[in-house]
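Q:
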Amino acid sequence: MTLDAGTKLGPYEILAPLGAGGMGEVYRARDTRLGREVAVKVLPALSADSPDALLRFEREAQAVAALSHPNILALHDYGKEGGVAYAVMELLEGETLRERLASSAIPPRNAVEYARQIARGLAAAHDRGIVHRDLKPDNVFLTRDGFVKILDFGLALSPGDTASSGSGAQASLTASGTVVGTPGYMSPEQIRGKPVDQRTDLFALGAILYEMLTGQRAFQRGNAVETMMAVLQDDPVLSAGRGVAAELSDIVTHCLEKTPEDRFQSARDFAFALQVGEREPSSPKTAVSAASAGAGPAREASIAVLPFRNMSAGVDADYFSDGMTEEIINALAGIEALRVASRTSAFAFKGKDTDIRQIGRDLGVHTVLEGSVRQAGQRLRITAQLIDVSNGYHLWSERFDREMQDVFAVQDEIALAIAAALKVRLLPAQEESLVAPGTRDIEAYNRYLKGRYFFNQRASKKATVEFEAAIARDPRFAPAYTGLADSYCTWGFYGGISTLEASAKARAAVRKAQELEPDSAEVHLALGIFDHYYGWDMEREERHLRRSIELAPRVAEGYSWLACQLSAIPRTEESLELGRRAVELEPLSANVRVNAAWPLFFAGRYAESVEGFRQAVEVDSSAVYALWALGMGCQAAGRHEEGIAALEKLTVVTGHEMSWSLALLGSSLAASGRSEAARAVLAEIEGLAGREYVPPLHLTFVRAGLGEEDAALELLRRGIAERNALCWVWPRLSPVFAALRPDPRFQQLLAGIRPE
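The numbers in the sequence shown follow our numbering, run straight up by one, and end at 1183.
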């Protein structure tokens, strides 16, 4: 069927043919109602009478109509005229990716940008449950104004379709065992006629990116059957002649895995991984000169290690990539001549597509280390690249394919390679190794990394399980003991476990860590934290925290915890200075900013403290510590609505399962005069107490706020007897207890607080 110029299909007047293929004939046309030019697609003559072809044509229209995204061809209308089915689409000016590939080579930077836009369009389709199933260069259009458009959803799998059900014509398009797609771009599961999902499109996208980077098809063979066998059996290798960066090669390889579970799990994951690939690799000569410029005497050697991307199957493998990052940070931090951005500040960029130059400015560093980790059974693939933030040049990059037991050696190789690239001086003892693992038991190390991962999320209960499992594997693993002690300290403070049990287990863990590593900065920090929560010996706490600072003068935690402790004595000016130093070292840590503001709070400078707590929330709007500190500060400053809003958000963040957050909300509601609402929160806490341990100190905040002095004093007595965390701080210094302080019973209770 050929439509002549002037033919009318409803309100659309055919102007000229644009192209034809098995899926339809496309014409330039004019919309006579709106006076604009459009593209009109009609079924070819041989397909017009086919029920399957007509159904497929309608399905494409339905699929595209459900989508609205700048990287997907827009559908304006659909109709039938004189037995002709047609779809009206936006008119594109430009060329298909297939035509672009045939005309000239595509620079890597352009290839990455095209792939990124395709991924964005796929993400929009996948969000609506639509799988394209025939993604290939012929179905990707490059417009003259720089947009990439995904075309032809005729084979798309839509919501409600299955690979094992259907009837009639629809079943023929989706039934299990039916092979649909284009050889060379079909995934292995498509070739086998197996069920497919969004990961099938990611396989095709990997093949397209391979082709853009190399100018060759990933699986092209002599005929369709041989091509499909290559998809099932072969692993394409990117041509080194095109200068493709190792990171991009790794991304393509990850897309082209034979099983869906081993690929990227979403188009958004793929797009995020491309943030490294968007920079073209520098030539060896350029890299050497850049490295020399970066390490010369003109500027300090400095680095930020960004969170390594998890490219393993499943998000639960984040613990390993995060742990790898932390271990490399710790190794590099031991180099005296190198300034290393802290873990918390570097992790503030996790999951964000931030420009590398902006990261350098925000963290005050000249170089950035990026990488990825992929774990499959006992096999590891780790990529890493060191980048100069001033120009984007790669100073060093490498890929490591190793067994799991080699993980410590890989960490050492990366750290030593960075030291060499930046030309920093190592101590004699560091020249062979920078990594000092606390265990050689790989399973113990794995459980330890999981523990740190959960602790950083303040999932203290889960963290204790992992640390205890690590210790069971290796009873001499000192960092696992300090992690266990810290976890019990915070778990006991926030509620959910008896504070007598939490303090006993934290004490035992930290003492064992001290026995194993008596002069470790980490151990002294853990000893100070224990005293802060449960030991209530301020002099001993200060000694441990100062020793931690002496042993690790470039680590913020020691300064931050000491600032918090001295502010409660109070030694205001000294604690303010310590807080400032901690913020310099950890500018993007919400917790550090909170501790820097406590000196103002405990000095009665409530309005100033609120500003500090606000800054902490701005750094991380879901940080538990920052939200409850802001709530307390606002209550003390009389800014009740702002404080209540922060605490209400906190209860949402903690799922209404943290008695501390509920107690502070109830106290603030009572202080604002909303007694009925405060009693409702009190009832919620008491309901929680029926399921788990709630520290009496927490309930004291609400009772005191409601003016119920006798009940508040009884709860405080119980809290002190049960050694509720921080009983030595809040009754003495919080404005919530101001009305109780003249009562002799209150003074007697405070006098009974004794160090352990």
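We put the beta carbon where it would ideally sit given N, CA and C, even for glycine. Predicted model, so just to flag it, every value in this text is computed and none were measured.
1. Start and end of the alpha helix (DSSP H) containing histidine 1125?
2. Which class does alanine 538 belong to by DSSP, given the choice of helix, strand or coil?
3. Helix, strand or coil for phenylalanine 568, going by three-state DSSP, please let me know.
4. In angstroms with no decimal places, state the Cα-to-Cα distance between arginine 626 and glutamine 692.
5. What does the Cβ neighbour count give for lysine 507, buried or exposed, with the cut at 16 atoms within 10 Å?
6. Mapping DSSP to helix, strand and coil, what is arginine 808?
7. Roughly how far, in whole angstroms, is the beta-carbon of lysine 563 from the beta-carbon of leucine 519, given that I think they are within contact range, below 8 Å?
8. Report the partner residues of methionine 516 according to the DSSP bridge assignment.
9. Going by DSSP, what residues sit across from aspartate 815 in a beta bridge?
10. Can you tell me where the alpha helix (DSSP H) with aspartate 964 in it begins and where it stops?
11. Where does threonine 459 fall in DSSP's three states?
12. Alpha carbon to alpha carbon, what distance is there between leucine 640 and leucine 502?
13. What is the rounded straight-line gap between the Cα of leucine 1077 and the Cα of alanine 936?
14. Since serine 994 and glycine 985 are thought to touch, with beta carbons under 8 Å apart, how far apart are those beta carbons, to the nearest angstrom?
15. Please classify threonine 570 as buried or exposed, where buried requires at least 16 neighbouring CB atoms within 10 angstroms.
16. Determine the direct distance from the alpha carbon of leucine 952 to that of leucine 1003, and round the result to whole angstroms.
17. Report yes if the C-beta distance between isoleucine 441 and alanine 432 is below 8 Å; otherwise report no.
18. Taking only the alpha-carbon atoms, compute the straight-line gap between arginine 826 and cysteine 1061 and give it to the nearest angstrom.
19. Would you kindly work out how many angstroms separate the C-alpha atoms of arginine 547 and valine 1044, rounded to a whole number?
20. Please go through the region 1046-1108 and give each complete alpha helix (DSSP H) segment of 4 or more residues, from N-terminal end onward.
21. Kindly indicate which residue of Ala552, Ile1112, Ala529, Tyr1033 has the alpha-carbon position closest to the one of aspartate 565.
22. Mapping the DSSP letters down to three states, classify phenylalanine 827 as helix, strand or coil.
23. Mapping DSSP to helix, strand and coil, what is asparagine 883?
24. If you draw a straight line from the C-alpha of leucine 943 to the C-alpha of glycine 910, how long is it?
25. For the pair the region 887-907 and the region 751-768, tell me if three or more CB-CB distances fall below 8 Å.
26. Should the region 796-803 be regarded as contacting the region 811-819, the criterion being three or more beta carbon pairs within less than 8 Å?
27. Could you check where the alpha helix (DSSP H) with alanine 836 kicks off and where it finishes?
28. Can you grab the Cα-Cα spacing for the pair alanine 1090 / alanine 1073, in whole Å?
29. What are the residues that DSSP puts in a beta bridge with serine 799?
30. Tell me which residues share the same chain as leucine 978 and place their Cβ nearer than 8 Å to its Cβ, disregarding the 5 neighbours each side in the sequence.
31. Return helix, strand or coil for lysine 888, following the three-state DSSP convention.
32. Under 8 Å Cβ to Cβ from alanine 456, same chain only, skipping five residues before and after it: list those, please.
33. Are the region 1135-1155 and the region 1105-1118 in contact at 8 Å, needing three or more beta carbon pairs?
34. Would you mind sorting glycine 923 into buried or exposed? The rule is 16 or more other CB atoms within 10 Å of its CB.
35. Using a 10 Å radius around the Cβ and a threshold of 16 neighbouring Cβ atoms, would you call threonine 686 buried or exposed?
A: In terms of the structure at hand:
1. For histidine 1125, the enclosing alpha helix (DSSP H) stretches over residues 1123-1132.
2. Look at alanine 538 here: in three-state DSSP terms it is helix.
3. In the three-state reduction of the DSSP assignment, phenylalanine 568 falls in the strand class, which pools E and B.
4. Rounded to whole angstroms, arginine 626 to glutamine 692 spans 6 Å at the Cα level.
5. Exposed is the call here.
6. Looking at arginine 808 - three-state DSSP - the assignment turns out to be strand.
7. Not confirmed; about 17 Å, so no contact.
8. Paired residues: Ala466, Leu502.
9. Beta-bridge partners assigned by DSSP to aspartate 815: Thr794.
10. From DSSP, aspartate 964 is part of no alpha helix (DSSP H); its letter is neither H nor E.
11. It is coil, neither helix nor strand.
12. In this structure, the straight-line span from the alpha carbon of leucine 502 to that of leucine 640 is close to 31 Å.
13. Between leucine 1077 and alanine 936, the C-alpha separation is close to 30 Å.
14. Taking C-beta atoms under 8 Å as the contact rule, serine 994 and glycine 985 fail to qualify, at a distance of about 15 Å.
15. That one is exposed.
16. Rounded to whole angstroms, the separation of the alpha carbons of leucine 952 and leucine 1003 is 19 Å.
17. A contact, by the Cβ cut-off of 8 Å.
18. Distance between the alpha carbons of arginine 826 and cysteine 1061 is about 51 Å.
19. Distance between the alpha carbons of arginine 547 and valine 1044: 30 Å.
20. Whole alpha helix (DSSP H) segments, 4+ residues: 1051-1064, 1067-1080, 1086-1098.
21. Nearest option by C-alpha distance: Ala529.
22. Phenylalanine 827 falls in the strand class under three-state DSSP.
23. In the structure shown, asparagine 883 sits in a helix (DSSP, three-state: H, G or I).
24. C-alpha of leucine 943 to C-alpha of glycine 910: approximately 14 Å in a straight line.
25. Output reads no: the region 751-768 does not touch the region 887-907.
26. In short, these stretches touch, since the Cβ pair count reaches three.
27. Counting along the chain, the alpha helix (DSSP H) containing alanine 836 begins and ends at 834-849.
28. When rounded, the separation of the alpha-carbon atoms in alanine 1090 and alanine 1073 is 13 Å.
29. Beta-bridge pairing by DSSP links serine 799 to Arg736, Thr810.
30. Here leucine 978 has Asp946, Ser947, Ala948, His951 as same chain residues with Cβ atoms under 8 Å from its own Cβ, once five neighbours each way along the sequence are excluded.
31. Three-state DSSP puts lysine 888 in a helix.
32. Correct list, in chain order: Leu436, Tyr439, Glu440, Ile441, Leu442, Glu464, Val465, Ala466, Val467, Val515.
33. With contact defined as three or more Cβ pairs closer than 8 Å, the region 1135-1155 and the region 1105-1118 are not in contact.
34. With 16 or more other Cβ atoms within 10 Å, it is buried.
35. Sixteen is the threshold: since fewer than 16 other Cβ atoms of the shown chains lie within 10 Å of the Cβ of threonine 686, the residue is exposed.
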